[in-house]
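Engineer:
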Amino acid sequence: MSSVIAATRFSVLDRSRVREGHTAPEALRDTVDLAREAERLGYHRFWVAEHHGVPGVAGSAPTVLAAAVAGATRTIRVGTGGVMLPNHRPLVVAEQFGVLASLFPDRIDMGLGRSVGFTDGVRKALGRDKGDAEDFAGQLGELLGWFTGTSPTGVRARPSEGLTVPPFVLAMGEGADIAARAGLPMVIGDLRDRDRLRRGVDRYRERFRPSAWAEEPYVVISGTVAVADTPERARRLLVPEAWSMAYSRTHGTFPPLPPAERVESLPMSAKERGFYEAGLAGQLAGTEEEVERELEAVLKDTGAQEVLVTTSTHDRAALLDSYRRLAALAGLGDGATRR
1 MSSVIAATRF SVLDRSRVRE GHTAPEALRD TVDLAREAER LGYHRFWVAE HHGVPGVAGS
61 APTVLAAAVA GATRTIRVGT GGVMLPNHRP LVVAEQFGVL ASLFPDRIDM GLGRSVGFTD
121 GVRKALGRDK GDAEDFAGQL GELLGWFTGT SPTGVRARPS EGLTVPPFVL AMGEGADIAA
181 RAGLPMVIGD LRDRDRLRRG VDRYRERFRP SAWAEEPYVV ISGTVAVADT PERARRLLVP
241 EAWSMAYSRT HGTFPPLPPA ERVESLPMSA KERGFYEAGL AGQLAGTEEE VERELEAVLK
301 DTGAQEVLVT TSTHDRAALL DSYRRLAALA GLGDGATRR
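Each residue of the sequence shown is one higher than the one before, starting from 1 at the first, in the UniProt record's numbering.
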C-alpha cells in the first residue's frame, strides 16, 4: 500500500439519493445502513447533506438525519456536508449542533456551506434570495460566536455554549478564502478538475490564519471514487449519477437515479450526451490498482489529509462492494493513524 494513502483519513458523504423504483423513506434508511457499514469498515466520519425540493434527494434535514445516523452507530464521527448556513438562523444551527454534541460527545462535526436553494421557488419557500450567500463569512462568525459565548445580543445558546463542535467550511467559490481567514478546516471538490482543485488548496494554505479551531490548515478533498473488479463495472457505477446530472442540466430538475442498464439504452440529444459524457470523465473509477494509483497522485498533488467519498449509484450492492474495496486498498481497519 502507498505510504501517502496509508497516512490519509477516508470518510463518506451520502446524499440520500432516491433511486428509481424506490421511495424517499427507503433512501433515508439506506443512508443509515450505509453509515453502519462505513463504521464497520473503518471509515473516519460519515456526513449527510442538505437539499430542498429536489425529487432525487431525500436528505432535506441534515441535523435530523445526523441524529439518526449517530444513534445507529457507536464510534464513527457523524456530521453534515453540509448545513447550508444562509438558509438558517445561526442561533438555531448552533442549538441543533449543541443538542447533537450533547447526545453524542466527541463524535459530531459541523460541515457548513454557503448555497441558498437551487431554484427561485425553493429560495422563495425558504424566505431567502441569492444575495443571502454573500454574507456567509458574517453568518459563520455569528454561528461560532454562539459556541464561544461572544454574541453581542446577551443571549446564551443552550446547550451549545462551551461545547467544541469541529467546524468545516465547504469551499465553493469564495469558500477557500473564508475558511482560511476563519482558520477552519476546508472541504473542497471535485476531483475531476485537478487544476482548479490544486489552486483552491494552494490559496487556502497561503491565506490560512491559525485560530482556536485549527492551528494549521486541514484539507479534505471530496468526490466520487468507484472501485470494482473491472474498469467496466466501475464505470457502470458512475452511469446513473452522470445521467441524472445531464438530465438536470437540460430539463431543470434532478431526477431519481435510474438503473445503469436503462440509461445505456436511452436516446440522448447531443446536448444531453455531452453533459453525460462529461459526468463520466475524470472520476476516480477502476480496479483497486487503478484507483490506488490515481488516489496516490491526487494526494501527492494536493497534500490533502482526508478524502471524503461521495459516490452515488442505483445498485446498492455494487456501491457497498465499492466502499469495501476502497477500505481494503486504503487499509482502513488496521491502523490508528485515522483516529
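Note that beta-carbon positions come from the ideal geometry of N, C-alpha and C, so glycine has one too.
1. If you count every other CB in all the chains shown that lies within 10 Å of the CB of E39, and 16 or more means buried, which is it?
2. If I follow the unbroken beta strand (DSSP E) through M268, where does it start and stop?
3. Using the C-alpha atoms, what's the distance from Y247 back to K271?
4. Straight-line CA distance for Q96 to P231?
5. Taking the alpha carbon of H52 as the reference point, which residue from G79, L295, A285, M84 has its own alpha carbon closest?
6. Does DSSP put S115 in a helix, a strand or coil?
7. Return the Cβ separation of G59 and T31 in integer angstroms, given the expectation that the two are a contact with Cβ distance under 8 Å.
8. Exposed or buried, D109, counting other C-beta atoms within 10 Å across all chains shown (16 or more means buried)?
9. Could you please give the first and the last residue of the uninterrupted beta strand (DSSP E) stretch that includes V309?
10. Does the beta-carbon distance from L41 to L308 come in below 8 Å?
11. Here's a check: name, in chain order, each residue in its chain whose Cβ is nearer than 6 Å to the Cβ of G113, leaving out the five neighbours to either side.
12. Going by C-alpha distance, which of M1, R45, S312 is nearest L257?
13. Mind the definition here: the region 202-217 touches the region 279-295 only if three or more C-beta pairs lie below 8 Å; say whether that holds.
14. How would you call T75, buried or exposed, if buried means at least 16 neighbouring beta carbons within 10 angstroms?
15. Let me know if V54 comes out buried or exposed under the rule of 16 or more other beta-carbons within 10 Å of its beta-carbon.
16. Taking the C-alpha atoms as reference points, what is the distance between H251 and F275?
17. In the region 199-286, which residue ranges form an unbroken alpha helix (DSSP H) of at least 4 residues, counting only runs that do not cross its ends?
18. Rounding to the nearest angstrom, what Cα-Cα distance links L238 and R19 in this structure?
19. Going by CA-CA distance only, name the one from L319, A6, T302, V69 that's closest to D202.
20. Starting from I188, trace the beta strand (DSSP E) both ways and give me its first and last residue.
21. To the nearest angstrom, report how far apart L197 and Q283 are at their CA atoms.
22. Rounded to whole angstroms, what's the CA-CA distance from residue 340 to P217? Just pull it up for me.
23. Please state if the CB of P185 and the CB of Q139 are separated by a distance shorter than 8 Å.
24. Assuming residue 402 and I221 form a contact by the criterion Cβ under 8 Å, report the distance between their Cβ atoms to the nearest whole angstrom.
25. Give the DSSP-derived three-state secondary structure of L41 in the structure shown.
26. Could you pull the start and end residues of the beta strand (DSSP E) that F10 belongs to?
27. In this structure, how does DSSP classify R19 when only helix, strand and coil are distinguished?
Structural biologist: So, to answer that:
1. Taking every protein chain shown into account, the CB of E39 has 16 or more other CB atoms within 10 angstroms, so this residue is buried.
2. Run containing M268: none; DSSP gives neither H nor E here.
3. A straight line joining the alpha-carbon of K271 with that of Y247 spans about 10 Å.
4. For Q96 and P231, the gap between their C-alpha atoms comes out near 43 Å.
5. The option with the nearest alpha carbon to H52 is M84.
6. Note: S115 maps to coil in three-state DSSP.
7. 7 Å between Cβ atoms; contact.
8. Burial of D109 is indicated by the presence of at least 16 other C-beta atoms within 10 angstroms of its C-beta.
9. Where V309 is concerned, the enclosing beta strand (DSSP E) stretches over 306-309.
10. At the C-beta level, L41 and L308 stay beyond 8 Å of one another.
11. Non-local C-beta neighbours of G113 in its own chain, meaning closer than 6 Å and more than five positions away in sequence, comprise G82, M84, L170, ordered along the chain.
12. The residue among M1, R45, S312 with its C-alpha nearest the C-alpha of L257 is S312.
13. Three or more Cβ pairs closer than 8 Å define a contact, and the region 202-217 falls short of that threshold against the region 279-295.
14. Result: exposed.
15. Result: buried.
16. Taking the Cα positions, H251 is about 12 Å away from F275.
17. The DSSP assignment places complete alpha helix (DSSP H) segments of no fewer than 4 residues inside the region 199-286 at 231-251, 260-263, 270-280, in order along the chain.
18. In a straight line, the C-alpha of L238 is about 14 Å away from that of R19.
19. Comparing Cα positions, the closest option is T302.
20. Here the beta strand (DSSP E) through I188 covers 186-188.
21. So the two alpha carbons sit approximately 13 Å from each other.
22. What the structure shows of the chain is the stretch from 1 to 339, and residue 340 is not part of that stretch, so it cannot be assessed.
23. Between Q139 and P185, the C-beta spacing is not below 8 Å.
24. Since the first residue shown for the chain is 1 and the last is 339, residue 402 is missing from the structure and cannot be characterised.
25. Looking at L41 - three-state DSSP - the assignment turns out to be helix.
26. F10 -> beta strand (DSSP E) spans 9-14.
27. Residue state, collapsed to three classes: strand.
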